[in-house]
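Asks:
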Amino acid sequence: MSINIIETFSVGFLLSVLFLVIVKKACLLTRFFPSQKISPAGGISMGLAFFAGVFWTCFSGNVFPPELTGILIASAVILLAGVMDDKKELSVLQKLFAQVVAASFLIGFGVRTDFVYLGNFANMALSFLWIIGISNAINLLDIVDGMAASVSVIIVSVFAAIAWMNGDNLTLIVTLVLSGTILGFLIFNLPPAKVYMGNSGSHFIGLVIAAAALTGQYATMERPLALLTPVLLLGLPILDTVLLVWVRIRRGKSAFAKSEDHMALQLLKNGYSKHKTLLIMMGITLFFAGCGFFLGRVSSVCAAGILFLSFGISILILKKMGRVQS
1 MSINIIETFS VGFLLSVLFL VIVKKACLLT RFFPSQKISP AGGISMGLAF FAGVFWTCFS
61 GNVFPPELTG ILIASAVILL AGVMDDKKEL SVLQKLFAQV VAASFLIGFG VRTDFVYLGN
121 FANMALSFLW IIGISNAINL LDIVDGMAAS VSVIIVSVFA AIAWMNGDNL TLIVTLVLSG
181 TILGFLIFNL PPAKVYMGNS GSHFIGLVIA AAALTGQYAT MERPLALLTP VLLLGLPILD
241 TVLLVWVRIR RGKSAFAKSE DHMALQLLKN GYSKHKTLLI MMGITLFFAG CGFFLGRVSS
301 VCAAGILFLS FGISILILKK MGRVQS
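So for the sequence shown, this note's numbering puts the first residue at 1; every next one is plus one.
1) Are Ala303 and Arg223 close, meaning C-beta to C-beta below 9 Å?
2) Relative to the C-alpha of Leu68, which candidate in Ser254, Val177, Met282 and Phe128 has its C-alpha closest?
3) Shortest alpha-carbon distance to Gly12 belongs to which of His203, Val156, Asn270 and Leu233?
4) Whole-angstrom Cβ separation of Ile131 and Ala210, contact assumed at under 8 Å?
5) What did DSSP end up calling Val101 once you bin it into helix, strand or coil?
6) Please report the straight-line C-alpha distance between Val77 and Val301, rounded to a whole angstrom.
7) Assign Asp142 to buried or exposed, taking buried as 16 or more other Cβ atoms, counted over all protein chains shown, within 10 Å of its Cβ.
8) What does the Cβ neighbour count give for His275, buried or exposed, with the cut at 16 atoms within 10 Å?
9) How long is the line joining the alpha carbons of Ile205 and Met321, rounded to whole angstroms?
10) Between Ser202 and chain D, is the shortest Cβ-Cβ distance under 9 Å, so that the two count as touching?
11) Report the start-end ranges of each beta strand (DSSP E) in the stretch 224-306 that is 3 residues or longer and not cut off at the edges.
12) Flag this pair as touching only if the stretch 48-63 and the stretch 28-35 have three or more C-beta atom pairs under 8 Å; answer yes or no.
13) Going straight from the alpha carbon of Asn4 to that of Thr181, what length do you get?
14) Tell me whether Gly283 is buried or exposed, calling it buried when 16 or more other Cβ atoms sit within 10 Å of its Cβ.
15) So Leu227 and Phe288 are in contact, right, with Cβ under 8 Å, and what is the actual spacing, rounded?
16) How many Å lie between Asn166 and Arg251 at the Cα?
17) Three or more C-beta pairs under 8 Å: does that hold for the stretch 74-92 against the stretch 32-47?
18) Three-state secondary structure (DSSP) at Ala190?
19) Name the residue from Ala74, Leu279, Leu15 and Val17 whose alpha carbon lies nearest to the alpha carbon of Pro191.
20) What's the gap between the Cα of Leu233 and the Cα of Val144?
21) Counting along the chain, where does the alpha helix (DSSP H) carrying Thr118 start and finish?
22) Using a 10 Å radius around the Cβ and a threshold of 16 neighbouring Cβ atoms, would you call Lys95 buried or exposed?
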């Protein structure tokens, strides 16, 4: 199957804008989110646009990989749970239950790690950890106007580029439609935001990104370090989550407790504007995404250098932000 890159991306983008206008107006008329000053309808609109865009692309190309069924079911589960959370906040256990159910669908349809040196149980456990972890990592970024969407669209676009270069149609379909969907929403979410994605949108995006990372092809026998490509591409969300959990635990708080220890909020506290904070976070994302992109396209020696550089920068960021928050 040959994927029309421009058409697939454009379908996601146009449907996202269309559904956002319709869903936002419908939520306003029905007072679906009565307590919200700015509507979190972005999650619903992105979900609908993604589903419609994927179906359009697959049926026009007369192909529907079985793993895609799992991605659609799992993303629908997490989207529905997110909408319920946006309307009336769910407990941590209720959210975790929905995430476990969604992850189970993905794994059941073959969207999982398959490392030959790990047993079946270890691969399943690692897959659960990855899916739930990344879903929450993207959710934690949704703290400043445009933050989660701008960071996500960079990451997803690089995943799409890698999938295109590797001839990986399943991952290419998912990432092209998702990147167009996110960009269509981002137009209305940049500061000052006119609409929010809500927990429904951030968890939805995170889960689809996690799934796309698992369906992608990265390493060869000559480039084994390329297996770490998804980790590098998602370097900023992972780093922010690690910092957040570390600071909370160090202060004697629960890792799940709400706080203002996010990297972006600390930048705002130190005098940076929303726009500058957004640019800084996007810059860090571009650095890690660039490292992830080249990791699978250079020699093992160069790949080791990229990993060493990425690790060093991560430590510097953690130390810098740790001092700021102490």
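All C-beta atoms in this analysis are idealised placements derived from N, C-alpha and C, irrespective of residue type, glycine included.
Replies: According to the data block:
1) Yes, they are a contact pair.
2) Of the candidates Ser254, Val177, Met282 and Phe128, the one whose C-alpha sits nearest the C-alpha of Leu68 is Val177.
3) The shortest CA-to-CA distance from Gly12 to any of His203, Val156, Asn270 and Leu233 is the one to Val156.
4) Yes, Ile131 and Ala210 are in contact; Cβ-Cβ is about 5 Å, under 8 Å.
5) Val101 carries a helical assignment under DSSP once its states are collapsed to helix, strand and coil.
6) Going by the C-alpha atoms only, they are around 42 Å apart.
7) Its Cβ being crowded by 16 or more others within 10 Å, Asp142 is buried.
8) With fewer than 16 other Cβ atoms within 10 Å, it is exposed.
9) Approximately 26 Å between the Cα atoms of the pair.
10) In summary, chain D is missing from the structure at hand, where a single protein chain is found.
11) List check, beta strand (DSSP E) in window: nothing returned.
12) No, they do not touch.
13) A direct Cα-to-Cα measurement between Asn4 and Thr181 gives close to 16 Å.
14) Gly283 should be labelled exposed.
15) About 16 Å separates the two Cβ atoms, so there is no contact after all.
16) Roughly 45 Å separates the two Cα atoms.
17) By the Cβ test, the stretch 74-92 is in contact with the stretch 32-47, since at least three Cβ pairs between them sit closer than 8 Å.
18) Ala is not the amino acid found at residue 190; the sequence shown has Leu there. Here Leu190 sits in coil by DSSP.
19) With distances taken between Cα atoms, Pro191 lies closest to Leu279.
20) If I take the Cα positions, the gap works out to 21 Å.
21) Checking the displayed sequence, the identity of residue 118 turns out to be Leu instead of Thr. Boundaries cannot be given for Leu118, as no alpha helix (DSSP H) includes it and DSSP labels it neither H nor E.
22) Burial call: buried.
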